[in-house]
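Novice: Below you'll find the structure I mean.
Put into structure tokens, the structure is as follows:
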């Protein structure tokens with residue numbers, strides 16, 4: 001680092017990336033615990049859904065911070081794109097695409113199915129519950145890829 005502004009820019013970049021990836025990591029630990037501790041799966045699902053909604057808001061803010069700090073860094077301190085910098089931008093782009101898919105495509109579909117299913121405390125297996133399970137698996141995979149991209153991005157700093 002050669003200047004205070006560059007260090008501050010880097011701090012905001014790392015904070016946004018850390019909150020984003022850390023939030024995913026913490027949620028991946030908290031969600032199973034919530035389902036294990038609460039007696040009602042419906043209540044557990046509602047709590048986890050609320051946590052995911054908040055995390056999606058943080059990721060949207062994080063996207064803006066990562067974009068702004070990356071643009072500032074490029075124009076102020078990194079006028080040439082090296083292989084590492086290109087990898088960082090590609091990984092951030094992948095994170096944004098994956099997070100957008102999760103937040104704006106998969107999550108609304110899961111919410112719709114959840115409303116149609118009603119209480120998940122019942123044991124019966126319906127076509128909507130099967131669809132919900134498959135979509136939940138897809139969302140978990142998308143989120144795991146997003147976390148992987150975030151961790152890989154840390155190695156480009």
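Residue numbers (the working numbering): 1 to 157. For every residue, glycine included, the Cβ atom is placed at its ideal position computed from N, Cα and C. Note that the structure is predicted; figures quoted are calculated from it, not measured.
#1: Cα separation between residue 69 and residue 9?
#2: With DSSP run on the structure shown, which of helix, strand or coil describes residue 122?
#3: Is the beta carbon of residue 128 sitting closer than 8 Å to the one on residue 106?
#4: Once the 5 residues before and after residue 66 are set aside, which same chain residues still bring their CB inside 6 Å of it?
#5: Identify which residue in 157, 130, 27, 94 has its Cα closest to the Cα of residue 83.
#6: Does DSSP put residue 155 in a helix, a strand or coil?
#7: Let's test the definition: count the other Cβ atoms within 10 Å of the Cβ of residue 132 and tell me whether it reaches 16, buried, or not, exposed.
#8: Relative to the C-alpha of residue 71, which residue among 115, 13, 45, 22 is closest?
#9: Alpha carbon to alpha carbon, how far is residue 11 from residue 74? Give it in angstroms, no decimals.
#10: What first and last residue would you give for the alpha helix (DSSP H) that runs through residue 20?
#11: At the level of alpha carbons, what is the spacing between residue 54 and residue 32?
#12: How long is the line joining the alpha carbons of residue 27 and residue 59, rounded to whole angstroms?
#13: Could you tell me which uninterrupted beta strand (DSSP E) segments, each at least 3 residues in length, are contained entirely in the segment 83-123, listed from first to last along the chain?
#14: In chain order, what residues of the same chain lie with their CB nearer than 8 Å to the CB of residue 137, ignoring the 5 residues before and after it?
#15: Give me the Cα-Cα distance between residue 100 and residue 5, rounded to the nearest whole angstrom.
#16: Apply the 10 Å Cβ neighbour rule to residue 3 and answer buried if 16 or more other Cβ atoms are within range, or exposed otherwise.
Specialist: Taking the structure as given:
#1: The count along the chain shown starts at 1 and reaches residue 69 at position 69. The count along the chain shown starts at 1 and reaches residue 9 at position 9. A direct Cα-Cα distance of roughly 6 Å separates residue 69 from residue 9.
#2: Locating residue 122 in the chain shown gives position 122, counting from the first residue. In this structure, residue 122 counts as coil in the three-state DSSP scheme.
#3: Along the chain shown, read from residue 1 onward, the residue named residue 128 stands at position 128. Along the chain shown, read from residue 1 onward, the residue named residue 106 stands at position 106. Judged by their CB atoms, residue 128 and residue 106 are not nearer to each other than the 8 Å cut-off.
#4: Mapped onto the chain shown, residue 66 falls at position 66. Taken in chain order, the residues that qualify are 16, 92.
#5: Taking the chain shown and counting its residues from 1, one reaches residue 83 at position 83. The shortest Cα separation from residue 83 among 157, 130, 27, 94 belongs to 157.
#6: Within the chain shown, numbered from 1, the residue matching residue 155 stands at position 155. Looking at residue 155 - three-state DSSP - the assignment turns out to be coil, as it is neither helix nor strand.
#7: Along the chain shown, read from residue 1 onward, the residue named residue 132 stands at position 132. Residue 132 should be labelled buried.
#8: Sequence index remark: in the chain shown, residue 71 carries index 71 (1-based). 13 is the residue among 115, 13, 45, 22 whose C-alpha sits nearest the C-alpha of residue 71.
#9: For this step, residue 74 is matched to residue 74 along the chain shown. For this step, residue 11 is matched to residue 11 along the chain shown. Per the coordinates, the alpha-carbon of residue 74 lies some 15 Å from the alpha-carbon of residue 11.
#10: Within the chain shown, residue 20 is the residue found at index 20, counting from 1. For residue 20, the enclosing alpha helix (DSSP H) begins and ends at 4-37.
#11: Counting from one through the chain shown, the residue named residue 54 turns up at place 54. Counting from one through the chain shown, the residue named residue 32 turns up at place 32. Using only the alpha carbons, I get a separation of about 17 Å.
#12: In the chain shown, counting from the first residue as 1, residue 27 sits at position 27. In the chain shown, counting from the first residue as 1, residue 59 sits at position 59. Answer to the nearest angstrom: the Cα atoms are 13 Å apart.
#13: Here no run is fully enclosed.
#14: The count along the chain shown starts at 1 and reaches residue 137 at position 137. Around residue 137: no qualifying Cβ.
#15: Counting from 1 along the chain shown, the entry for residue 100 is found at position 100. Counting from 1 along the chain shown, the entry for residue 5 is found at position 5. Cα to Cα, the separation comes out at about 30 Å.
#16: Against the chain shown, residue 3 aligns to sequence position 3. The residue in question, residue 3, is exposed, as its Cβ has fewer than 16 Cβ neighbours within 10 Å.
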